[in-house]
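A.B. asks: Just so you know, the protein sequences line up as chains A and B, in that order. Under numbering that gives the first Met the number 0, the first sequence is numbered contiguously, ending at residue 351. Under numbering that gives the first Met the number 0, the second sequence is numbered contiguously, ending at residue 351. For each residue, glycine too, the CB sits at the ideal point set by N, CA and C.
There are 2 protein chains.
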Amino acid sequence: MKMSDRKKKILQIVVDEYINTAVPVSSKNIAEKHLTDISSATVRNELASLEELGYLTQFHTSGGRVPSPQAYRFYIEELMEKGNLSDSDLDYIQSAFSSKSNDVEHLIKSVSKVISDLTDYTSVAIGPHADAERIRSITLLPCGDGRALLVIVTGERILRDSFIRVPENMTDEELENASRVISKLFEGKALTEAKEVEEEALQEFGQYRQVMAEVIDALKTYTHPREEDVVLTGAEKIFNHPEYEDIGNVKNFLSVISSKDKIAELIGDENDEIQISVKIGSSGDKDVPDDCSLVTATYSAGGKNLGTYGVIGPIRMDYPKVIAVLENVGRALEGIVENKNRDKHNNKDGKQ
Amino acid sequence: MKMSDRKKKILQIVVDEYINTAVPVSSKNIAEKHLTDISSATVRNELASLEELGYLTQFHTSGGRVPSPQAYRFYIEELMEKGNLSDSDLDYIQSAFSSKSNDVEHLIKSVSKVISDLTDYTSVAIGPHADAERIRSITLLPCGDGRALLVIVTGERILRDSFIRVPENMTDEELENASRVISKLFEGKALTEAKEVEEEALQEFGQYRQVMAEVIDALKTYTHPREEDVVLTGAEKIFNHPEYEDIGNVKNFLSVISSKDKIAELIGDENDEIQISVKIGSSGDKDVPDDCSLVTATYSAGGKNLGTYGVIGPIRMDYPKVIAVLENVGRALEGIVENKNRDKHNNKDGKQ
DNA sequence: GTTAGCACTCTCAACACCTAAGTGCTAACG
DNA sequence: CGTTAGCACTTAGGTGTTGAGAGTGCTAAC
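#1: Where do the ends of the alpha helix (DSSP H) carrying V103 (chain A) lie?
#2: Please check if any C-beta of chain B sits within less than 9 Å of the C-beta of C291 (chain A).
#3: Output, in sequence order along the chain, the residues in the region 246 to 265 of chain B whose CB is closer than 7 Å to any CB in chain A.
#4: Looking only at DSSP bridge pairs, what is K303 (chain A) linked to?
#5: How do the region 292 to 312 of chain A and the region 117 to 128 of chain A stand: do at least 3 beta-carbon pairs fall below 8 Å, yes or no?
#6: Of all Cβ atoms in chain A, is any one closer than 9 Å to the Cβ of E186 (chain B)?
#7: Where does the unbroken alpha helix (DSSP H) through V214 (chain B) begin, and where does it stop?
#8: Which residues in chain A have a C-beta closer than 7 Å to the C-beta of E213 (chain B)? List them in chain order.
#9: Taking the C-alpha atoms as reference points, what is the distance between A212 (chain A) and V180 (chain A)?
#10: For L352 (chain B), tell me which candidate among B:F252, B:V310, B:Q57, B:V14 has the shortest Cα-Cα distance.
#11: Out of B:V152, B:K236, B:R146, B:Y74, which one is the CA nearest neighbour of Y221 (chain B)?
#12: What residues in the region 113 to 145 of chain A have a beta carbon less than 8 Å from any beta carbon of chain B?
#13: Out of curiosity, what's the CA-to-CA distance linking I314 (chain B) and H105 (chain A)?
#14: I37 (chain B) and A30 (chain B): beta carbons closer than 9 Å?
#15: Please name the residue, chosen from B:A147, B:S39, B:K183, that lies closest to E167 (chain B) on a Cα-to-Cα basis.
#16: Ordered along the chain, which non-local residues of its own chain (more than five positions away) have a Cβ less than 6 Å from that of M316 (chain A)?
#17: Give a yes or no on whether the minimum CB-CB distance between E16 (chain B) and chain A is below 9 Å.
#18: What residues from chain B crowd round A21 (chain A), counting only those whose CB sits closer than 7 Å?
#19: Expressed to the nearest angstrom, what Euclidean distance is found between the alpha-carbon atoms of I262 (chain A) and K250 (chain A)?
#20: Tell me whether the region 104 to 119 of chain B and the region 227 to 238 of chain B touch, counting them as touching only if at least three CB pairs, one residue from each stretch, are closer than 8 Å.
#21: Whose Cβ in chain A lies nearer than 7 Å to the Cβ of E235 (chain B)?
#22: Report the three-state DSSP secondary structure of S38 (chain B) (helix, strand or coil).
#23: Is S87 (chain A) helix, strand or coil when you go by DSSP?
#24: Tell me, which residues are paired with Y308 (chain B) by DSSP?
#25: Any chance the region 50 to 69 of chain B sits against the region 77 to 91 of chain B, with 3 or more Cβ pairs inside 8 Å?
#26: Listing by chain order, which chain B residues have their CB less than 9 Å from the CB of E244 (chain A)?
#27: Pull up the distance between the alpha-carbon of E50 (chain B) and that of N19 (chain B), whole angstroms please.
#28: Using only CA atoms, which one of B:H240, B:L117, B:V103, B:R159 lies nearest to Y91 (chain B)?
#29: Quick check: what's the CA-CA separation for N338 (chain B) versus Y207 (chain B)?
#30: Have a look at A:G301, A:S299, A:Q274 and flag the residue whose alpha-carbon is nearest the alpha-carbon of A323 (chain A).
#31: Could you confirm whether any beta carbon from chain B is found closer than 9 Å to the beta carbon of L148 (chain A)?
#32: Can you name, in chain order, every residue of its own chain whose Cβ lies under 6 Å from the Cβ of M2 (chain A), other than the five neighbours on each side?
#33: From the beta carbon of F238 (chain B), is the nearest beta carbon of chain A less than 9 Å away?
#34: Based on the DSSP output, what are the partners of K250 (chain B) in its beta bridges?
#35: Roughly how many angstroms lie between the CA atoms of A21 (chain A) and V65 (chain A), to the nearest whole one?
#36: Give me the Cα-Cα distance between V287 (chain B) and Y54 (chain A), rounded to the nearest whole angstrom.
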């Protein structure tokens with residue numbers, strides 16, 4: 000059986016209508032409100048055939064039809080008409096990013112909040128991959144008890160820190176020296192380049208090889224997204240959607256979002272080439288839980304990864320709106336990052 | 000009307016029974032299972048009188064009785080019999096704290112998890128007040144763009160960090176010098192003592208007063224608990240309790256725990272003298288939301304505050320169990336902290 | 001290929017009815 | 001005067017019935 004243009008049109012109507020109303024769509028509804036030139040009986044024939052093709056399901060005979068996950072996928076691929084944001088939404092994006100705090104941690108949080116507020120779904124976000132970032136400063140601070148704090152500041156001003164073990168008999172002065180050596184070795188390099196200097200570094204370090212090894216280990220762990228990097232905003236938004244009037248669904252959803260590890264796994268393996276990714280639960284995308292849909296966008300500006308942002312919610316999601324929000328937020332974000340870079344250059348030029 | 004001993008006994012039975020079964024308690028139940036020497040009619044008279052005193056309520060005439068918040072308060076004050084933990088629970092506490100990681104951040108998380116697992120409620124935790132902690136190391140690291148990273152490591156190995164603004168024309172070397180001066184000034188002092196050296200510090204700093212002022216500002220903010228210090232574990236545990244089969248209650252609960260600010264406010268203002276505090280929503284404790292109960296304990300060892308830990312859940316909470324868990328966890332925690340201190344001293348003695 | 005018409009199925013709300021649980025009250029008892 | 005048995009009363013919750021409404025599938029006619 001082929002997908003005629005009319006079938007596509009009808010499928011599109013069903014999905015649009017169901018997204019907006021959350022009520023199973025009837026043939027009468029379609030014929031009266033959207034396709035006034037054909038009768039409900041004709042629509043019924045087409046619906047029956049779409050059902051046979053796997054795009055629609057019905058709970059019971061007299062209950063209207065509901066899109067299947069397969070239908071949503073097809074809808075997103077081919078049928079969906081792009082949404083536009085209202086002026087007030089656009090204003091909101093502008094005003095949210097106009098605050099001048101350029102601390103990346105805060106930026107991630109505010110982007111996540113904007114997305115959640117505008118889409119009315121729970122937003123998930125994960126910061127930039129640290130891989131490509133260049134180390135601006137790397138320091139070991141003595142803390143006593145055979146421990147030192149490793150502080151790394153990268154070009155993007157993200158700082159990461161963790162304790163490493165040092166020999167108990169190492170004095171603060173020795174540690175300071177070691178810190179200086181490490182500084183020389185790594186400053187200006189990207190985190191991923193740590194491996195390349197590994198041999199050289201271990202050589203140079205003589206008796207404190209162990210310390211160096213720990214530092215390199217720590218550097219390596221930074222290239223993976225960590226639990227703390229996952230930001231979740233607006234979990235309570237799910238109550239605004241009728242599928243979560245059922246306690247079982249709430250439970251399921253909660254159990255998904257309460258594991259940040261799992262979320263990191265879900266959104267962390269994005270292929271950077273794909274700008275917007277839609278994953279729909281059940282059968283298709285292995286890891287996405289049933290009855291859940293995950294829409295994410297990976298942003299970048301000036302060749303730099305800015306992180307992955309998106310929403311998680313019911314399969315019956317307002318994809319046009321969500322995608323419009325993600326696109327607009329992305330543009331705004333790229334805008335401010337590029338402006339910032341330009342400012343920086345101008346300032347430098349002006350002073351030199 | 001007086002509270003006779005028999006009334007107290009009956010009230011205790013009602014609360015115990017309701018805590019365990021979540022079913023409104025009937026006079027017949029009490030007479031048959033607990034007070035076999037008197038008849039249900041007598042119990043009924045007593046129940047009616049307890050209701051008049053405000054300790055009991057009923058949803059409808061034939062529905063049995065349910066304790067009021069006032070009854071829970073009285074129960075905790077006077078009636079409750081202390082619970083004992085099972086051997087397996089005690090073992091669990093021991094094994095959970097035997098891991099030797101003495102990183103405070105991790106310790107808080109694992110304590111919170113233990114409490115949540117053993118009580119089956121959502122656990123809230125907030126780390127030690129920084130007030131009394133002595134600064135072990137304080138450093139300013141240059142980050143470019145008129146910013147520097149302030150890194151503070153305290154005796155408890157808690158590290159806190161934030162960016163501060165520095166004059167754009169300040170060189171890295173100047174910053175390093177400033178860092179050294181600041182180090183000298185503050186090392187070994189408690190965070191709360193920052194104010195005392197304020198005048199002296201501003202004096203000494205000459206042209207970079209501004210930097211010093213920012214550092215002192217930052218120090219001041221650390222004495223308040225911050226959003227990031229609040230740890231929440233086991234939010235999904237609420238589904239194990241029947242009051243949260245109602246979507247409205249889940250919604251309410253979620254909205255409470257989704258604001259870490261609010262939680263910090265709730266548990267952060269503990270009077271350190273009180274070891275265990277019970278706050279029951281509705282009328283009594285202003286800030287605790289209706290239908291919620293908050294039980295927290297503030298731990299300390301060797302004069303040092305170790306943070307505040309507890310659970311948040313329905314008013315119908317298993318107070319004896321929760322309090323037993325909090326007490327045992329507290330003892331275990333104090334034990335390991337004291338052992339650690341002793342080890343530290345022994346090591347030092349051995350080496351010197 | 002399209003459509004009108006109709007029988008069929010299913011949900012949902014309303015209603016009556018019944019039962020079980022628990023209470024309050026009263027009158028009798030020691 | 002406290003205690004108790006007995007009984008009438010109240011209410012939630014479950015069940016069965018009914019009718020209306022919605023939507024479909026099928027068929028025969030256009």
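C.D. replies: By the coordinates alone:
#1: Within the first sequence, numbered from 1, the residue matching residue 103 (chain A) stands at position 104. Element bounds for V103 (chain A): 103 to 118.
#2: Position 292 of the first sequence, counted from the first residue, corresponds to residue 291 (chain A). Chain B contact via Cβ: absent.
#3: I246, V249, K250, L253, S254, S257
#4: Stepping through the first sequence from its first residue, residue 303 (chain A) is reached at position 304. Answer is A:A300.
#5: yes
#6: As a first step, residue 186 (chain B) must be located in the second sequence, where it is residue number 187. Taking Cβ atoms only, chain A never reaches closer than 9 Å to E186 (chain B), which makes this a no.
#7: Residue numbering aside, residue 214 (chain B) sits at position 215 when the second sequence is read from its first letter. Residues 208 to 221.
#8: Looking up residue 213 (chain B) in the second sequence gives position 214. Chain A residues near E213 (chain B): none, gap ~15 Å exceeds 7 Å.
#9: As a working note, residue 212 (chain A) is residue 213 in the first sequence. As a working note, residue 180 (chain A) is residue 181 in the first sequence. Roughly 14 Å between the two C-alpha positions.
#10: Here chain B comprises residues numbered 0 to 351, so residue 352 (chain B) is not present and cannot be evaluated.
#11: On the second sequence, position 222 is the one that residue 221 (chain B) refers to. Nearest of B:V152, B:K236, B:R146, B:Y74 to Y221 (chain B), Cα basis: B:V152.
#12: Flagged, chain order: R135, S136, T138, L140, P141, C142, G143, D144.
#13: As a position in the second sequence, residue 314 (chain B) is number 315, starting the count at 1. As a position in the first sequence, residue 105 (chain A) is number 106, starting the count at 1. Here the alpha carbon of I314 (chain B) sits roughly 36 Å from the alpha carbon of H105 (chain A).
#14: In the second sequence, counting from the first residue as 1, residue 37 (chain B) sits at position 38. In the second sequence, counting from the first residue as 1, residue 30 (chain B) sits at position 31. It is a contact, given that the beta carbons lie within the stated cut-off.
#15: Here residue 167 (chain B) is taken as the residue at index 168 of the second sequence, counted from 1. The candidate whose alpha carbon is nearest that of E167 (chain B) is B:A147.
#16: For the purposes of this step, residue 316 (chain A) is taken as residue 317 along the first sequence, with counting starting at 1. So the qualifying residues of the chain are S292.
#17: To locate residue 16 (chain B), count along the second sequence from 1; it is residue 17. By this cut-off, E16 (chain B) is not an interface position.
#18: As a position in the first sequence, residue 21 (chain A) is number 22, starting the count at 1. In chain order: nothing, as chain B lies at least about 16 Å away.
#19: Sequence index remark: in the first sequence, residue 262 (chain A) carries index 263 (1-based). Sequence index remark: in the first sequence, residue 250 (chain A) carries index 251 (1-based). Answer to the nearest angstrom: the Cα atoms are 16 Å apart.
#20: yes
#21: For the purposes of this step, residue 235 (chain B) is taken as residue 236 along the second sequence, with counting starting at 1. Those are L253, S254, S257, listed as they occur along chain A.
#22: As a working mapping, residue 38 (chain B) is identified with position 39 in the second sequence. DSSP places S38 (chain B) in coil when its eight states are reduced to three.
#23: As a first step, residue 87 (chain A) is located in the first sequence; it is residue number 88 there, counting from the start. Three-state DSSP puts S87 (chain A) in a helix.
#24: If you number the second sequence from 1, residue 308 (chain B) lands on position 309. Per DSSP, B:A124, B:A296.
#25: no
#26: Position 245 of the first sequence, counted from the first residue, corresponds to residue 244 (chain A). Per Cβ cutoff of 9 Å: I246.
#27: Along the second sequence, one-based indexing puts residue 50 (chain B) at 51. Along the second sequence, one-based indexing puts residue 19 (chain B) at 20. Computed Cα separation, rounded: 21 Å.
#28: Stepping through the second sequence from its first residue, residue 91 (chain B) is reached at position 92. Looking at the Cα atoms, B:L117 is the closest of the given residues.
#29: In the second sequence, residue 338 (chain B) corresponds to position 339, counting from 1. In the second sequence, residue 207 (chain B) corresponds to position 208, counting from 1. So the two alpha carbons sit approximately 44 Å from each other.
#30: If you number the first sequence from 1, residue 323 (chain A) lands on position 324. Considering only alpha carbons, the answer is A:Q274.
#31: Here residue 148 (chain A) refers to the residue found at position 149 of the first sequence. For L148 (chain A), the answer is yes, since a Cβ of chain B falls inside 9 Å of its Cβ.
#32: The residue you call residue 2 (chain A) lines up with position 3 of the first sequence. Correct list: empty, nothing qualifies.
#33: Taking the second sequence and counting its residues from 1, the one referred to as residue 238 (chain B) is at position 239. Yes, its Cβ sits closer than 9 Å to a Cβ of chain A.
#34: As a first step, residue 250 (chain B) must be located in the second sequence, where it is residue number 251. Answer is none; K250 (chain B) lacks a bridge partner.
#35: In the first sequence, counting from the first residue as 1, residue 21 (chain A) sits at position 22. In the first sequence, counting from the first residue as 1, residue 65 (chain A) sits at position 66. Cα to Cα, A21 (chain A) sits roughly 9 Å from V65 (chain A).
#36: Walking along the second sequence from the start, residue 287 (chain B) turns up at place 288. Walking along the first sequence from the start, residue 54 (chain A) turns up at place 55. One C-alpha to the other measures close to 49 Å.
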